[in-house]
Amino acid sequence: MVPVNWFLVLAALLFGIGLIGVLTKRNALIVMMCVELMLNAANLTFLAFARQQGAIGGHAIAFFVIAVAAAEAAVGLAIIIAIFRTRGTVNMDEVRELRDEV
Amino acid sequence: MSPTAEQITFAVFAVPLLLTAIGVVVSKSPMYAAMNLVAAFFFLAGIYVLLSAHLIAFMQILVYAGAVMVLFLFVIMLLNLGGGGEEQERPKAMQVLGVAGAFALVLLVGYATREVMNADSAVVPADFGTVKAVGRALFTQYLLPFEATSLLLLVAIVGAVVVAKEKI
Chain A
12 MVPVNWFLVL AALLFGIGLI GVLTKRNALI VMMCVELMLN AANLTFLAFA RQQGAIGGHA
72 IAFFVIAVAA AEAAVGLAII IAIFRTRGTV NMDEVRELRD EV
Chain B
2 MSPTAEQITF AVFAVPLLLT AIGVVVSKSP MYAAMNLVAA FFFLAGIYVL LSAHLIAFMQ
62 ILVYAGAVMV LFLFVIMLLN LGGGGEEQER PKAMQVLGVA GAFALVLLVG YATREVMNAD
122 SAVVPADFGT VKAVGRALFT QYLLPFEATS LLLLVAIVGA VVVAKEKI
C-alpha cells in the first residue's frame with residue numbers, strides 16, 4: 012500500500028515544477044504546457060483523496076478538469092496563433108500593448 | 002521494512018514523471034518540451050492506475066497525450082518554432098522568486114499532510130474507478146455539470162475558430 016501523502020507530495024512537486032515554468036519562461040507555448048502540468052498536479056491530488064476517502068466524486072471532478080483543460084488548450088492556442096499573426100512573436104514580454112509605459 | 006510491489010511501481014512511474022516534467026521546463030525548444038510533456042502524461046497515467054482510477058488513466062492518455070498534445074504539436078509546427086533555440090530567460094529575480102515559491106509550496110504540502118500519512122485508506126469496492134462506477138456518478142449526481150461541460154466545449158470550439166481564423 013502506497014501512503015496517500017506520497018501522492019500528495021508528488022503532486023506538489025509537479026505543481027512546483029509547473030509554477031517555476033510559468034514564472035520563468037517567456038515562450039507562450041511552453042508557459043501553456045507548464046499550466047497543463049499544474050492542472051495535472053491538481054488532478055492527481057483529487058484522485059489521491061478520492062482513493063483515500065473511497066469517494067467516487069473525486070473521479071468526476073478529475074473528468075471535468077480534463078474537459079476544462081482541453082477547452083483551455085484550444086482557446087489558448089487560438090489566441091497564441093492570433094498574436095503570432097499580428098505581431099510575429101510568441102515571446103510574452105514583447106506583448107505589452109496594454110501596459111502603461113513609464 | 003522492505004518496499005512493497007506497489008511502492009516500487011510508484012517509484013518506477015514517479016521518478017521518470019518528475020524528470021520529464023523538469024525536462025519540460027528546461028527545454029530550449031518548444032518541440033522538446035512537448036515531447037517531454039507527452040512522456041510525463043504517460044507516466045502520470047501509470048500513477049492514476051495505482052490509485053485505481055482506471056477510467057481517468059485511460060482518458061489521460063486519450064485526451065491529454067492524444068488530443069491536447071497533437072494540438073500543441075500542430076501549433077508548434079504551424080508557427081514554425083521547432084528549430085528556434087534562442088530563448089532568452091526572464092530576469093534573475095523572477096527565476097529566484099519562482100523556485101523559492103515552488104519550494105515553499107512543497108514544504109507547505111509536506112507539513113499540511115503529515116497527519117494524512119497515518120490515516121488509513123478506505124477499503125474501496127472492487128469496481129472503484131471503473132467506467133461503470135464513474136459513469137454512474139457522472140450520470141446521476143453530476144448530471145448538470147456533465148451537460149454544462151458539453152456547452153463549455155461547444156463555446157471553446159466556436160471561440161477557437163473565431164479567434165484563430167483571419168476572416169470568418
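If you read the sequences in order, they're chains A and B. For what it's worth, our numbering labels the leading residue of the first sequence as 12, then goes sequentially. For what it's worth, our numbering labels the leading residue of the second sequence as 2, then goes sequentially. Glycine residues also receive a C-beta, built at the ideal position from the N, C-alpha and C atoms. What you are looking at is a predicted structure, and each value in this text was computed from that prediction instead of being measured.
Per-residue contacts from residue i into chain A (C-beta, under 8 Å)
i        : result
B:Ile48  : Phe18, Leu21 and Leu55
B:Thr141 : Under the 8 Å cutoff, chain A gives no residues; its nearest Cβ is about 10 Å from B:Thr141.
B:Leu154 : Ala78, Ala81 and Ala82
B:Pro146 : Ala71 and Phe75
B:Ala94  : Correct list: empty, because the minimum Cβ distance to chain A is about 10 Å.
Residue i: contacting residues in chain B (beta-carbon distance under 8 Å)
i       : result
A:Glu47 : Leu38, Tyr65 and Val69
A:Arg98 : Residues of chain B passing the Cβ test: none, with the nearest at roughly 12 Å.
A:Val42 : Simply none; closest approach about 10 Å.
Buried versus exposed call for residue i [16 or more other C-beta atoms within 10 Å across all chains shown]
i        : result
B:Tyr112 : exposed
A:Asn16  : buried
B:Lys166 : exposed
B:Asn81  : exposed
A:Arg62  : buried
B:Gln61  : buried
A:Leu55  : buried
A:Gly87  : buried
A:Ile77  : buried
B:Ala34  : buried
A:Leu30  : buried
B:Gly130 : buried
B:Val132 : exposed
A:Thr35  : buried
B:Ala12  : exposed
Interface partners of residue i on chain B, CB under 7 Å
i        : result
A:Leu58  : Tyr49, Leu52, Ala54 and Ile57
A:Leu109 : Those within 7 Å of A:Leu109 in chain B number zero; the least Cβ separation is about 17 Å.
A:Val13  : Glu7, Gln8, Phe11 and Leu51
Residue i versus the options, residue with shortest Cα-Cα distance
i        : options                                   : result
B:Gly160 : A:Val101, A:Ala85 and A:Lys36             : A:Ala85
A:Gly27  : B:Ser3, B:Ala101 and B:Ile9               : B:Ala101
B:Val156 : A:Met49, A:Pro14 and A:Ala82              : A:Ala82
B:Leu108 : A:Val13, A:Met12 and A:Leu19              : A:Leu19
B:Val163 : A:Glu47, A:Asp111, A:Ile90 and A:Met103   : A:Ile90
B:Leu185 : A:Leu109, A:Met49 and A:Glu112            : Examination of residue 185 of chain B is not possible in this model, given that chain B is present from 2 through 169 alone.
A:Arg37  : A:Met103, A:Arg110, A:Asp111 and A:Leu109 : A:Met103
B:Leu38  : B:Phe11, B:Val13 and B:Val69              : B:Val69
A:Val33  : A:Val79, A:Gln64 and A:Cys45              : A:Cys45
B:Met32  : B:Val71, B:Val125 and B:Lys168            : B:Val71
B:Ala127 : A:Glu108, A:Glu105, A:Gly65 and A:Met12   : A:Gly65
B:Leu153 : A:Arg110, A:Ala80 and A:Ala59             : A:Ala80
B:Val64  : B:Val125, B:Phe42 and B:Gly47             : B:Phe42
B:Val50  : B:Leu98, B:Thr10 and B:Glu148             : B:Thr10
B:Pro17  : B:Gln8, B:Phe140, B:Ala6 and B:Leu45      : B:Leu45
B:Ser151 : A:Pro14, A:Phe75 and A:Val13              : A:Phe75
Paired residues, beta bridge with residue i - DSSP
i       : result
A:Asn38 : A:Asn102
Contacts that residue i makes with chain A (C-beta to C-beta distance below 9 Å)
i        : result
B:Ile62  : Within 9 Å Cβ-Cβ: nothing; B:Ile62 doesn't reach chain A, min ~11 Å.
B:Phe73  : Leu40, Met43, Met44, Glu47, Ala84 and Leu88
B:Val132 : The contacting residues do not exist; B:Val132 stays about 11 Å from chain A at best.
B:Phe104 : Gly27
B:Pro31  : Asn38, Leu40, Ile41, Met44 and Val101
Under 9 Å from the C-beta of residue i: neighbouring residues of chain B
i        : result
A:Val106 : The contacting residues do not exist; A:Val106 stays about 14 Å from chain B at best.
Proximal residues of chain A, C-beta to C-beta of residue i below 7 Å
i        : result
B:Ala20  : The question names Ala, yet the displayed sequence has Leu at residue 20 of chain B. Simply none; closest approach about 10 Å.
B:Leu157 : Just to set this straight, residue 157 of chain B is Ala in the shown sequence, not Leu. In chain order: Ala82, Ala85 and Val86.
B:Ala127 : Per Cβ cutoff of 7 Å: no residues; B:Ala127 is ~12 Å from chain A at best.
Subject >> the region 81–97 of chain A touching the region 72–79 of chain B, judged by at least three CB pairs closer than 8 Å >> reply: yes
**OP:** Kindly confirm or deny that the region 8–27 of chain B and the region 41–56 of chain A touch, where touching means at least three C-beta pairs closer than 8 Å.
**Re:** yes
Original post:
Below 8 Å, can you find three or more Cβ-Cβ pairs linking the region 70–84 of chain A to the region 49–65 of chain B?
Top reply: Judged by Cβ distances under 8 Å, the region 70–84 of chain A makes contact with the region 49–65 of chain B, as three or more pairs qualify.
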